[in-house]
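K.L.:
These protein sequence lines are chains A and B, in that order. Just so we're aligned, residue 1 is where the first sequence starts under the UniProt record's numbering, counting upward by one. Just so we're aligned, residue 1 is where the second sequence starts under the UniProt record's numbering, counting upward by one. Glycine residues also receive a C-beta, built at the ideal position from the N, C-alpha and C atoms. Computed from a prediction, not measured in an experiment: that's the story for all the values here. Here it is: the structure, laid out below.
There are 2 protein chains.
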Amino acid sequence: MQLIKAEIIAIGDELLYGQIMDTNSHWISQELDLVGVKVVRKTTVGDNRTDILTAFAEAEKRADLILITGGLGPTQDDLTKPLLAEYFGCGVVEFPEAVAAVTAFFQKRGREITPLNVLQGHLPSCCTYVPNEVGTAPGMWFEQNGAYWMSMPGVPHEMKKLMKDFVLPKLPEIFELPVIYHRVVKTVGIGESWLADLIRDWENALPEHIKLAYLPSLGQVRLRLTAFGNDKAKLASEVAEQIALVMPRIASYVYGYDEESLESAIGNLLKKSGKTLALAESCSGGYISHLVTSIAGSSAYFNGSVVPYHNQFKENILGVKAETLASHGAVSEETVREMSSGVRSLFGSDIGLASSGIAGPDGGTEEKPVGTVWIACAGAGFVETKKLQLSQDRLLNIQLTGVAVLNLLRICLNQDNK
Amino acid sequence: MQLIKAEIIAIGDELLYGQIMDTNSHWISQELDLVGVKVVRKTTVGDNRTDILTAFAEAEKRADLILITGGLGPTQDDLTKPLLAEYFGCGVVEFPEAVAAVTAFFQKRGREITPLNVLQGHLPSCCTYVPNEVGTAPGMWFEQNGAYWMSMPGVPHEMKKLMKDFVLPKLPEIFELPVIYHRVVKTVGIGESWLADLIRDWENALPEHIKLAYLPSLGQVRLRLTAFGNDKAKLASEVAEQIALVMPRIASYVYGYDEESLESAIGNLLKKSGKTLALAESCSGGYISHLVTSIAGSSAYFNGSVVPYHNQFKENILGVKAETLASHGAVSEETVREMSSGVRSLFGSDIGLASSGIAGPDGGTEEKPVGTVWIACAGAGFVETKKLQLSQDRLLNIQLTGVAVLNLLRICLNQDNK
Chain A
1 MQLIKAEIIA
11 IGDELLYGQI
21 MDTNSHWISQ
31 ELDLVGVKVV
41 RKTTVGDNRT
51 DILTAFAEAE
61 KRADLILITG
71 GLGPTQDDLT
81 KPLLAEYFGC
91 GVVEFPEAVA
101 AVTAFFQKRG
111 REITPLNVLQ
121 GHLPSCCTYV
131 PNEVGTAPGM
141 WFEQNGAYWM
151 SMPGVPHEMK
161 KLMKDFVLPK
171 LPEIFELPVI
181 YHRVVKTVGI
191 GESWLADLIR
201 DWENALPEHI
211 KLAYLPSLGQ
221 VRLRLTAFGN
231 DKAKLASEVA
241 EQIALVMPRI
251 ASYVYGYDEE
261 SLESAIGNLL
271 KKSGKTLALA
281 ESCSGGYISH
291 LVTSIAGSSA
301 YFNGSVVPYH
311 NQFKENILGV
321 KAETLASHGA
331 VSEETVREMS
341 SGVRSLFGSD
351 IGLASSGIAG
361 PDGGTEEKPV
371 GTVWIACAGA
381 GFVETKKLQL
391 SQDRLLNIQL
401 TGVAVLNLLR
411 ICLNQDNK
Chain B
1 MQLIKAEIIA
11 IGDELLYGQI
21 MDTNSHWISQ
31 ELDLVGVKVV
41 RKTTVGDNRT
51 DILTAFAEAE
61 KRADLILITG
71 GLGPTQDDLT
81 KPLLAEYFGC
91 GVVEFPEAVA
101 AVTAFFQKRG
111 REITPLNVLQ
121 GHLPSCCTYV
131 PNEVGTAPGM
141 WFEQNGAYWM
151 SMPGVPHEMK
161 KLMKDFVLPK
171 LPEIFELPVI
181 YHRVVKTVGI
191 GESWLADLIR
201 DWENALPEHI
211 KLAYLPSLGQ
221 VRLRLTAFGN
231 DKAKLASEVA
241 EQIALVMPRI
251 ASYVYGYDEE
261 SLESAIGNLL
271 KKSGKTLALA
281 ESCSGGYISH
291 LVTSIAGSSA
301 YFNGSVVPYH
311 NQFKENILGV
321 KAETLASHGA
331 VSEETVREMS
341 SGVRSLFGSD
351 IGLASSGIAG
361 PDGGTEEKPV
371 GTVWIACAGA
381 GFVETKKLQL
391 SQDRLLNIQL
401 TGVAVLNLLR
411 ICLNQDNK
């Protein structure tokens with residue numbers, strides 16, 4: 001089987017000047033890796049005719065698949081479309097279907113379409129028009145000069161949708177892809193090196209054709225098993241066997257597999273147990289509610305939340321006692337206990353969660369430095385609490401509090417279900 | 001003055017497979033931009049002899065300065081050092097000073113040095129050894145084939161230290177650097193093409209040495225003005241003049257400049273006016289509270305928020321009338337009016353904001369399809385409302401609602417301050 005080689009080209013002065021981080025190329029390379037396409041080069045060039053044409057010519061020499069992002073806006077500094085037409089020697093013509101789509105995009109939003117936007121429906125005649133349902137710049141697919149080319153907007157969610165809906169499904173049609181099977185085990189509440197210590201001899205005994213990677217992210221570690229072979233079903237069962245082997249050691253940290261997020265796993269646990277949830281967020285400021293409600297269908301188990309950003313609201317709205325706040329302070333085990341119970345009553349929910357801490361950069365004391373956070377989970381007849389000692393960084397503290405609160409909920413729900 | 005052109009080459013399979021995000025190239029391009037060196041290309045290649053040598057040869061053709069990160073580890077898959085020696089036709093020899101430094105590095109940490117690590121002090125004879133005080137792989141500086149080359153480790157903090165201590169101070173010695181001045185005008189509430197229509201003749205009349213770029217992101221467009229010349233103060237005043245010229249047309253959309261975020265601009269407006277804020281978030285589910293509280297010091301103006309995810313809580317906690325909900329529904333102008341006023345009373349704040357909509361993917365009807373959102377801003381004696389018609393995507397709807405609510409607040413505060 002031949003190796004399929006890809007090159008990713010990102011276009012835009014703003015990427016070269018460092019005003020925007022190119023997250024697109026990173027995401028695309030992850031997706032191509034998953035399906036066994038080898039990225040051999042990533043290139044970033046500016047909004048400059050010669051540089052873009054040179055990048056096309058170089059990419060064509062080494063890649064079977066060339067994925068291009070950016071440079072598709074309606075304004076004059078966006079060159080990708082005319083240069084693709086020039087490079088392939090075809091004119092830019094009206095694609096009525098594309099003009100209709102961009103017109104409908106504006107109509108749907110009750111906005112007047114401009115002549116510039118109409119031109120977004122004019123494309124190189126040698127391309128296949130690929131509708132962009134979430135933006136105004138269409139995708140363009142080319143089969144030219146011995147390679148496959150796809151041009152996509154630089155806006156990440158538009159690019160991702162075109163990749164998922166069009167490019168990724170297209171790959172097995174045009175290439176003979178190798179057989180790769182991936183399975184990701186998602187853990188929370190344990191650091192990478194502790195996890196590695198826990199499973200080292202299992203890891204060392206993995207068969208040659210199954211590889212393990214540790215992929216740490218905020219408060220979580222993903223274990224990715226990748227198996228290479230020629231029979232997907234066989235690879236899947238071999239990987240399942242290996243996971244069954246290691247599971248007894250790590251089960252208490254595992255919340256899900258593959259694309260499942262912690263907030264989605266929590267949602268499934270709540271739905272399964274028929275329980276409802278309410279949140280009292282002080283230092284996390286609404287972030288955990290946002291995580292929970294980012295899941296479609298969360299209204300089935302999420303009742304609501306309160307962000308009481310001053311003590312008086314912890315008292316008035318959640319019923320935390322004035323004396324608790326006076327003697328222990330807002331960042332204390334006692335306060336999060338009362339907050340979690342209070343919000344549970346307010347929303348008549350089965351579970352109440354609470355956070356209170358010093359997110360920083362100001363507000364720390366010797367006794368309670370920046371990064372000190374108390375969290376609680378209250379249910380029928382119990383309140384579980386936990387103290388966290390996090391970082392100096394405000395946003396990181398908010399995010400890590402979110403992971404810790406959802407993990408505490410997961411632990412409480414699992415205990416409750418026993 | 002001649003333009004100084006740079007290329008950044010990142011080396012490593014892990015970057016191509018998407019296992020590590022290349023933040024180095026982004027950081028380097030920001031630093032070079034600040035000193036007026038123009039990055040013309042960023043290239044990422046894997047740990048492969050041919051690909052690396054090709055990247056060297058291509059970079060040499062277009063750049064005066066070539067900055068290389070990665071591929072300097074002690075193991076065999078790290079190829080940068082031997083390939084630089086091969087490319088420049090010089091042998092790898094022991095640099096006693098470099099061997100001493102790597103030995104001292106291990107001694108200081110109480111660790112035994114391995115033969116592999118000793119070899120990290122062996123370098124191409126044609127390089128200038130650049131000590132790496134925070135790691136074991138030295139920096140290497142070359143003046144070869146008409147260009148300046150610097151090879152640095154891929155570990156971000158090691159690369160940054162070598163850049164700050166050696167490369168950046170070196171640049172004014174070897175190049176006559178141009179002067180570049182950037183200013184970014186941040187707008188919200190107007191699409192890229194409308195903005196372009198509004199300012200086209202101003203844009204076309206810009207002097208040759210001042211360039212304009214449109215940088216759109218979710219619900220916002222940044223206008224970046226870049227001026228080239230040799231006197232920074234003069235450029236700054238020329239750019240300020242141009243901004244003053246265009247401002248009358250766009251002032252109502254402009255919330256800030258350069259690095260300022262919308263949530264930070266809102267915070268400054270609230271602080272300036274001495275007003276406090278509370279939020280009732282239905283479809284946005286806590287996201288706007290998170291944006292507001294992500295700003296350090298937001299407790300000075302943010303009182304708190306409620307996410308009432310079911311009608312009963314809109315009634316019980318926020319005092320929305322049962323008859324309003326019954327006759328107009330939760331997603332209606334009347335409901336967000338009462339929500340915004342209700343949350344303003346609950347938290348005793350000067351301003352109350354509210355959102356209610358159908359984030360999707362379910363819950364849409366013919367009359368109120370997915371993406372229908374009502375938002376409101378209530379203050380002393382007024383309630384402003386607005387209907388949004390957004391997308392099919394849940395997360396996007398949440399994010400766009402956030403931008404629209406903060407923009408409505410901005411407009412209300414600006415009217416109020418008049």
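(1) Going along the chain, which unbroken runs of the alpha helix (DSSP H) with 4 or more residues stay wholly within the stretch 318-381 of chain B?
(2) Following the continuous beta strand (DSSP E) through P308 of chain B, name the residue where it begins and the one where it ends.
(3) Provide the residue(s) that pair with A213 of chain A in DSSP beta bridges, ordered along the chain.
(4) In whole angstroms, give me the CA-to-CA distance for T276 of chain A and L408 of chain A.
(5) In three-state DSSP terms, what is M140 of chain A?
(6) Indicate whether I358 of chain A and A404 of chain A have their beta-carbon atoms separated by less than 7 Å.
(7) Report yes or no: do the stretch 384-399 of chain B and the stretch 266-273 of chain B share at least 3 C-beta pairs separated by less than 8 Å?
(8) Is the CB of Q30 of chain B under 7 Å away from at least one CB in chain A?
(9) Roughly how many whole angstroms lie between the Cα atoms of V99 of chain B and Q76 of chain B?
(10) Does V35 of chain A come out as helix, strand or coil in the three-state DSSP assignment?
(11) From the beta carbon of L270 of chain B, is the nearest beta carbon of chain A less than 7 Å away?
(12) Should D51 of chain B be labelled buried (16 or more other beta-carbon atoms within 10 Å of its own) or exposed?
(13) Would you check if there are 3 or more beta carbon pairs closer than 8 Å linking the stretch 242-254 of chain A to the stretch 274-293 of chain A?
(14) Jot down the residue ranges of each uninterrupted beta strand (DSSP E) in the stretch 137-206 of chain A, minimum 3 residues, whole runs only, in chain order.
(15) Given G139 of chain A, which residues of its chain have a CB within under 6 Å of its CB, disregarding the five upstream and five downstream residues?
(16) Applying the 10 Å Cβ sphere with the 16-neighbour rule, what's the burial state of G36 of chain B?
(17) Which chain A residues are close to S299 of chain B, counting only those with a beta carbon under 9 Å from its beta carbon?
(18) Consider the Cβ of P74 of chain A: report whether some Cβ of chain B lies at a distance smaller than 7 Å.
(19) So does the stretch 180-191 of chain A actually touch the stretch 96-110 of chain A, counting three or more Cβ pairs closer than 8 Å?
(20) For a cutoff of 7 Å on Cβ pairs, would you count M339 of chain B as touching chain A?
(21) Give the DSSP-derived three-state secondary structure of A240 of chain A in the structure shown.
(22) S345 of chain A: buried (16+ other C-beta within 10 angstroms of its C-beta) or exposed?
(23) If you run the structure through DSSP and keep just helix, strand and coil, what is P82 of chain B?
(24) Skipping 5 residues on each side, what residues in its chain have a beta carbon closer than 8 Å to that of F175 of chain B?
(25) Report yes or no: do three or more beta-carbon pairs, one from the stretch 295-303 of chain A and one from the stretch 15-23 of chain B, lie closer than 8 Å?
(26) Helix, strand or coil for A280 of chain A? Go by DSSP, reduced to three states.
(27) Helix or strand or just coil, what does DSSP make of P124 of chain A?
(28) Given that a residue counts as buried once 16 or more other Cβ atoms are within 10 Å of its Cβ, and exposed if not, what is F269 of chain A?
(29) Less than 7 Å between CB atoms is the rule here; does A137 of chain A satisfy it with respect to chain B?
(30) Between the stretch 221-243 of chain A and chain B, which residues of the former have a C-beta closer than 7 Å to a C-beta of the latter?
(31) May I ask which residues mark the beginning and end of the alpha helix (DSSP H) holding K61 of chain A?
(32) Assuming contact is defined by CB atoms lying nearer than 7 Å, are R49 of chain B and V45 of chain A in contact in what I supplied?
(33) With DSSP as the reference, label T75 of chain B as helix, strand or coil.
(34) So what does A10 of chain B bridge to, in DSSP terms?
(35) With a threshold of 7 Å between beta carbons, is K42 of chain B in contact with chain A?
(36) Quick check: F166 of chain A and Y309 of chain B, are their CB atoms within less than 7 Å of each other?
P.N.:
The short version:
(1) Qualifying alpha helix (DSSP H) stretches, in chain order: 322-328 and 333-346.
(2) On the second sequence, residue 308 of chain B is found 308 positions in, with the first residue counted as 1. In this chain, the beta strand (DSSP E) harbouring P308 of chain B covers F302 to P308.
(3) Your numbering for residue 213 of chain A matches position 213 in the first sequence. DSSP, once it has assigned bridges, lists A:R224 as partnering A213 of chain A.
(4) Mapped onto the first sequence, residue 276 of chain A falls at position 276. Mapped onto the first sequence, residue 408 of chain A falls at position 408. Straight-line spacing of the CA atoms in T276 of chain A and L408 of chain A works out to 15 Å.
(5) Working through the first sequence from its first residue, we reach residue 140 of chain A at position 140. It is a strand residue.
(6) For the purposes of this step, residue 358 of chain A is taken as the residue at position 358 of the first sequence. For the purposes of this step, residue 404 of chain A is taken as the residue at position 404 of the first sequence. It is not a contact, given that the beta carbons lie outside the stated cut-off.
(7) Of all C-beta pairs linking the stretch 384-399 of chain B to the stretch 266-273 of chain B, fewer than three are shorter than 8 Å, placing the two stretches out of contact.
(8) Position 30 of the second sequence, counted from the start, is the residue given in the question as residue 30 of chain B. Using beta-carbon distances, Q30 of chain B counts as an interface residue toward chain A, with a partner under 7 Å.
(9) Position 99 of the second sequence, counted from the first residue, corresponds to residue 99 of chain B. Position 76 of the second sequence, counted from the first residue, corresponds to residue 76 of chain B. Between the alpha carbons of V99 of chain B and Q76 of chain B lies a gap of roughly 19 Å.
(10) In the first sequence, the residue the question calls residue 35 of chain A occupies position 35. Looking at V35 of chain A - three-state DSSP - the assignment turns out to be coil, as it is neither helix nor strand.
(11) Here residue 270 of chain B refers to the residue found at position 270 when the second sequence is read from its first residue. Cβ-Cβ to chain A under 7 Å: no for L270 of chain B.
(12) Position 51 of the second sequence, counted from the start, is the residue given in the question as residue 51 of chain B. D51 of chain B is buried by the Cβ-count criterion.
(13) Contact between the stretch 242-254 of chain A and the stretch 274-293 of chain A is absent, with fewer than three C-beta pairs closer than 8 Å.
(14) Restricted to the stretch 137-206 of chain A, the beta strand (DSSP E) segments that are unbroken, complete and at least 3 residues in length are 139-144, 147-152 and 179-188, listed in chain order.
(15) Looking up residue 139 of chain A in the first sequence gives position 139. So the qualifying residues of the chain are V130, N132, M152 and L162.
(16) Taking the first residue of the second sequence as 1, we reach residue 36 of chain B at position 36. It is buried - the Cβ of G36 of chain B has at least 16 other Cβ atoms within 10 Å.
(17) For this step, residue 299 of chain B is matched to residue 299 along the second sequence. Y309, H310 and G363, listed in chain order.
(18) On the first sequence, residue 74 of chain A is found 74 positions in, with the first residue counted as 1. Answer yes: the Cβ-Cβ gap between P74 of chain A and chain B drops below 7 Å somewhere.
(19) Below 8 Å, too few C-beta pairs join the stretch 180-191 of chain A and the stretch 96-110 of chain A to call them touching: fewer than three.
(20) Along the second sequence, one-based indexing puts residue 339 of chain B at 339. Answer no: the Cβ-Cβ gap between M339 of chain B and chain A never drops below 7 Å.
(21) Looking up residue 240 of chain A in the first sequence gives position 240. Looking at A240 of chain A - three-state DSSP - the assignment turns out to be helix.
(22) Stepping through the first sequence from its first residue, residue 345 of chain A is reached at position 345. Exposed, because fewer than 16 other Cβ atoms sit within 10 Å of the Cβ of S345 of chain A.
(23) Residue numbering aside, residue 82 of chain B sits at position 82 when the second sequence is read from its first letter. Helix, per DSSP.
(24) By one-based count along the second sequence, residue 175 of chain B stands at place 175. The beta carbon of F175 of chain B is closer than 8 Å to those of I4, V37, D64 and L65 in its chain, skipping five residues each way along the sequence.
(25) Too few Cβ pairs lie closer than 8 Å, so no.
(26) Along the first sequence, one-based indexing puts residue 280 of chain A at 280. Look at A280 of chain A here: in three-state DSSP terms it is strand.
(27) On the first sequence, position 124 is the one that residue 124 of chain A refers to. Strand, per DSSP.
(28) As a first step, residue 269 of chain A must be located in the first sequence, where it is residue number 269. First, the residue type needs correcting, since residue 269 of chain A is Leu and not Phe in the sequence shown. L269 of chain A counts as buried, since no fewer than 16 other beta carbons sit within 10 angstroms of its beta carbon.
(29) Position 137 of the first sequence, counted from the first residue, corresponds to residue 137 of chain A. No, A137 of chain A does not count as interfacial toward chain B.
(30) Here the close residues number zero.
(31) The residue you call residue 61 of chain A lines up with position 61 of the first sequence. That run of the alpha helix (DSSP H) goes R49 to R62.
(32) Counting from 1 along the second sequence, the entry for residue 49 of chain B is found at position 49. Counting from 1 along the first sequence, the entry for residue 45 of chain A is found at position 45. Not closer than 7 Å, so no.
(33) Against the second sequence, residue 75 of chain B aligns to sequence position 75. Looking at T75 of chain B - three-state DSSP - the assignment turns out to be coil, as it is neither helix nor strand.
(34) Residue 10 of chain B sits at position 10 when you count from the first residue of the second sequence. A10 of chain B is bridged by DSSP to B:T44 and B:T69.
(35) Residue numbering aside, residue 42 of chain B sits at position 42 when the second sequence is read from its first letter. Output row for K42 of chain B: interface = yes.
(36) If you number the first sequence from 1, residue 166 of chain A lands on position 166. If you number the second sequence from 1, residue 309 of chain B lands on position 309. Remark: C-beta atoms of F166 of chain A and Y309 of chain B do not approach each other more closely than 7 Å.
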